[in-house]
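Protein chains in written order, with the working numbering: chain E, 7 to 292; chain C, 228 to 488.
We put the CB at the ideal spot given by N, CA and C, even for glycine.
To keep things clear, I will list the structure first and then write my remarks on it.
Structure (structure tokens):
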């Protein structure tokens, strides 16, 4: 009897697992099918062309790709040093009494829905940027900063967890040679946790590049490549969120689908790299 | 009162009226302990689990201070100074009193950098000096021949026994006066264990050694003096060859003949 139950559960859970894979495949196939018109019309030019002119039936994804890359890069640049600092504090420096409340708060921050970051950004952060840097406030810079605030707790929490896996005995060995706290953090804890830390960067990168709501509010959806960060811009998800309603032609519609296909491929690549790093993590027995 | 044999050698360390209490504990883990440690000799600490032997060992380099709330009382004299005083410079103390742990603790860096680490902490940057001292330490730890062609490789690629000898090389590279061994062979196979024991015996010409072991045969094989601890107290400190044959305390006899432990 119990053998039958085991078999039943095996097949049930296997079916569910297969279902997930099928859905992913389905998404990919549909995105690809809907992109075909655009792929045929523009070919490789789609990602090198910087004009996005729906009224002329010309669609180039370069401004959106540029916006995604630059806003994500800005976000990482701002978030990484701060997040590492927070993680070092939580893992190595904070007294035991502070570790839990601080750690839990950071985890809560990571759980704030991104639409709330977007609203807060639009109503309270945009004016600050406008006053400080000029422009209209809705800009690449604002998007980068809001994104960095969003991914900071995520990087901090994962980095802290990675640092916490450093065996005490390894740290004690460095202290026993006359190391200071700072020596031990930079020479032992960070190198030991390196794979996990890099993994957290890449996962945060994946989150930032696909983030939609937080940046839709503050980026402006303007298809223009500008080196001036205080100018409005767009990114792939921002374009998708704003323009499906207006897509009045088959080619417009198909071009948006090709954008989403691009985003899917980019995100998949990033997550694959992160997985590669996480799997390579080796641990010295504690 | 503990039975303590007279020490003829100079003393490397002297424990006086020492008490240690872990953070949050009601009672001390080590109570009113007196113990001399002979210079250029090997003193083994034996006793059942929880007797306080590792706790005592970890007091000599004050590694307990890494965890807040642990309390010391009494004195541990090193070069005539009480190292338990708050003004004690812990970094300076740990350079002079090194430690080897229960498991090999190769740092996540190359073999060369592992051995050079303690010297670099002291600000030694001269390449030739580093190279000479790393090579000498590796030779003294009897591992140079095995690793000389791969000094740039990750130390974690070495076997457990090799890593432990690497840790010993790392510890002696900074030329300490005392070396503390905390069950250094408990994670190793018998052949590696024999190698480490041989090395420990050779080292005593240069450093004073205290070794905690749960293995009485190991204590008998390597040490000059043996201290038997029980329930946080030193029961007996004797010359090893005498203590294992004719222990003076009944409790010691019962322990070394396997009546408890």
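Continuous alpha helix (DSSP H) stretch holding residue 338/C: start and end: Start at 1 with the first residue of the second chain, and residue 338/C comes out as number 111. That run of the alpha helix (DSSP H) goes 338 to 348.
Interface partners of residue 194/E on chain C, CB under 8 angstroms: Sequence index remark: in the first chain, residue 194/E carries index 188 (1-based). Under the 8 angstroms cutoff, chain C gives 334, 335.
Cβ neighbours of residue 234/C in the same chain (closer than 6 angstroms, five flanking residues each side left out): Numbered from 1 along the second chain, position 7 holds the residue referred to as residue 234/C. The residues are 263, 265.
Backbone CA spacing between residue 288/E and residue 172/E [nearest angstrom]: Mapped onto the first chain, residue 288/E falls at position 282. Mapped onto the first chain, residue 172/E falls at position 166. At residue 288/E the pLDDT is 47, less than 50, meaning the model places this residue with poor confidence; the figure from the coordinates comes in the next sentence. Straight-line Cα distance between these residues: approximately 11 angstroms.
Neighbour-count burial assignment, residue 260/C, 16 or more Cβ in a 10 Å radius: Sequence index remark: in the second chain, residue 260/C carries index 33 (1-based). Buried, by the Cβ-count rule.
Unbroken alpha helix (DSSP H) run spanning residue 402/C, endpoints: Against the second chain, residue 402/C aligns to sequence position 175. Segment: none, residue 402/C is in no alpha helix (DSSP H) and carries neither H nor E.
CB contact check: residue 186/E to chain C, cutoff 8 angstroms: Translated into positions along the first chain, residue 186/E becomes position 180. Answer yes: the Cβ-Cβ gap between residue 186/E and chain C drops below 8 angstroms somewhere.
Integer Cβ distance of residue 264/E from residue 52/E, believed to fall under 8 angstroms: The residue labelled residue 264/E in the question sits at position 258 within the first chain. The residue labelled residue 52/E in the question sits at position 46 within the first chain. Right, the Cβ-Cβ distance comes to about 6 angstroms (below 8 angstroms), so this counts as a contact.
Within-8 angstroms CB hit, residue 179/E to chain C: Taking the first chain and counting its residues from 1, the one referred to as residue 179/E is at position 173. So yes, residue 179/E belongs to the interface.
Own chain partners of residue 290/E with C-beta closer than 7 angstroms, once the 5 adjacent residues on each side are dropped: For this step, residue 290/E is matched to residue 284 along the first chain. Caution applies to residue 290/E, whose pLDDT of 38 falls short of 50 and renders its modelled position unreliable; the value that the coordinates give is listed next. Cβ within range, chain order: 173, 176.
Element boundaries [beta strand (DSSP E), containing residue 300/C]: One-based indexing of the second chain puts residue 300/C at position 73. Note, residue 300/C: beta strand (DSSP E), 298 to 305.
Contact set between residue 321/C and chain E, taken where Cβ atoms lie within less than 9 angstroms: Taking the second chain and counting its residues from 1, the one referred to as residue 321/C is at position 94. Here the neighbours are 181, 182, 183, 184, 185.
For residue 454/C, the residue or residues it bridges with in DSSP: Along the second chain, read from residue 1 onward, the residue named residue 454/C stands at position 227. Looking at the DSSP assignment, residue 454/C forms a beta bridge with 272/C, 464/C.
Expected contact under 8 angstroms - CB spacing of residue 454/C and residue 270/C to nearest Å: Looking up residue 454/C in the second chain gives position 227. Looking up residue 270/C in the second chain gives position 43. The Cβ separation is near 6 angstroms, so the contact holds.
Cα-Cα separation between residue 278/C and residue 456/C, rounded to whole angstroms: Taking the first residue of the second chain as 1, we reach residue 278/C at position 51. Taking the first residue of the second chain as 1, we reach residue 456/C at position 229. Whole-angstrom Cα-Cα distance: 6 angstroms.
Members of the stretch 337 to 371 of chain C that neighbour chain E once the beta carbon cut-off is set at 8 angstroms: 344, 345, 348, 349
Interface partners of residue 401/C on chain E, CB under 8 angstroms: Your numbering for residue 401/C matches position 174 in the second chain. Those within 8 angstroms of residue 401/C in chain E are 183, 184.
Host alpha helix (DSSP H) of residue 243/E (start-end): What you label residue 243/E is simply residue 237 of the first chain in a count that begins at 1. Looking at the DSSP string, the run of the alpha helix (DSSP H) that includes residue 243/E is 242 to 249.
Own chain, CB closer than 6 angstroms to residue 214/E, minus 5 neighbours either side, in chain order: As a working note, residue 214/E is residue 208 in the first chain. For residue 214/E, where only same-chain residues beyond five positions count, the Cβ hits under 6 angstroms are 78, 81, 153, 157.
Min CB distance residue 264/C to chain E below 8 angstroms: By one-based count along the second chain, residue 264/C stands at place 37. Cβ-Cβ to chain E under 8 angstroms: no for residue 264/C.
Distance CB(residue 236/E)-CB(residue 225/E) smaller than 8 angstroms: Within the first chain, residue 236/E is the residue found at index 230, counting from 1. Within the first chain, residue 225/E is the residue found at index 219, counting from 1. Cβ distance not < 8 angstroms, so residue 236/E and residue 225/E don't count as in contact.
Range covered by the alpha helix (DSSP H) that runs through residue 31/E: Locating residue 31/E in the first chain gives position 25, counting from the first residue. Residues 8 to 48.
Partners in chain C for residue 198/E, counting only beta-carbon separations shorter than 9 angstroms: Locating residue 198/E in the first chain gives position 192, counting from the first residue. Chain C residues near residue 198/E: 334, 335.
Proximity to residue 285/C [Cα-Cα], best of 316/C, 406/C, 419/C, 342/C: Counting from one through the second chain, the residue named residue 285/C turns up at place 58. The residue with the shortest Cα to Cα distance from residue 285/C is 406/C.
Test item: CB-CB of residue 120/E and residue 210/E under 8 angstroms: Walking along the first chain from the start, residue 120/E turns up at place 114. Walking along the first chain from the start, residue 210/E turns up at place 204. It is not a contact, given that the beta carbons lie outside the stated cut-off.
Residues within the stretch 287 to 304 of chain C neighbouring chain E, beta-carbon criterion of under 8 angstroms: 288, 290, 293, 295
Residue environment, residue 160/E, which counts as buried when at least 16 other CB atoms sit within 10 Å: Along the first chain, read from residue 1 onward, the residue named residue 160/E stands at position 154. Under this definition residue 160/E is a buried residue.
Below-8 angstroms beta-carbon distance, residue 208/E vs any chain C residue: Working through the first chain from its first residue, we reach residue 208/E at position 202. Answer no: the Cβ-Cβ gap between residue 208/E and chain C never drops below 8 angstroms.
Beta bridge counterpart(s) of residue 240/C as assigned by DSSP: Residue mapping note: residue 240/C aligns to position 13 of the second chain, counting from 1. BP columns for residue 240/C point to 264/C.
Option nearest residue 372/C by Cα separation, candidates 354/C, 250/C, 387/C, 392/C: Against the second chain, residue 372/C aligns to sequence position 145. Cα-wise, what sits closest to residue 372/C is 392/C.
Cα-Cα separation between residue 208/E and residue 281/E, rounded to whole angstroms: By 1-based counting over the first chain, the position of residue 208/E is 202. By 1-based counting over the first chain, the position of residue 281/E is 275. Whole-angstrom Cα-Cα distance: 9 angstroms.
Chain-ordered chain E contacts of residue 306/C [CB-CB under 8 angstroms]: Here residue 306/C refers to the residue found at position 79 when the second chain is read from its first residue. Ordered by position in chain E, no residue passes the 8 angstroms Cβ test against residue 306/C, which lies about 17 angstroms from the chain.
Cβ contact (3+ pairs, closer than 8 angstroms) linking the stretch 395 to 414 of chain C and the stretch 429 to 444 of chain C: yes
For residue 439/C, the first and last residue of its enclosing beta strand (DSSP E): For the purposes of this step, residue 439/C is taken as residue 212 along the second chain, with counting starting at 1. Unbroken beta strand (DSSP E) run through residue 439/C: 435 to 439.
Contact between the stretch 313 to 326 of chain C and the stretch 251 to 258 of chain C (3+ Cβ pairs under 8 angstroms): no
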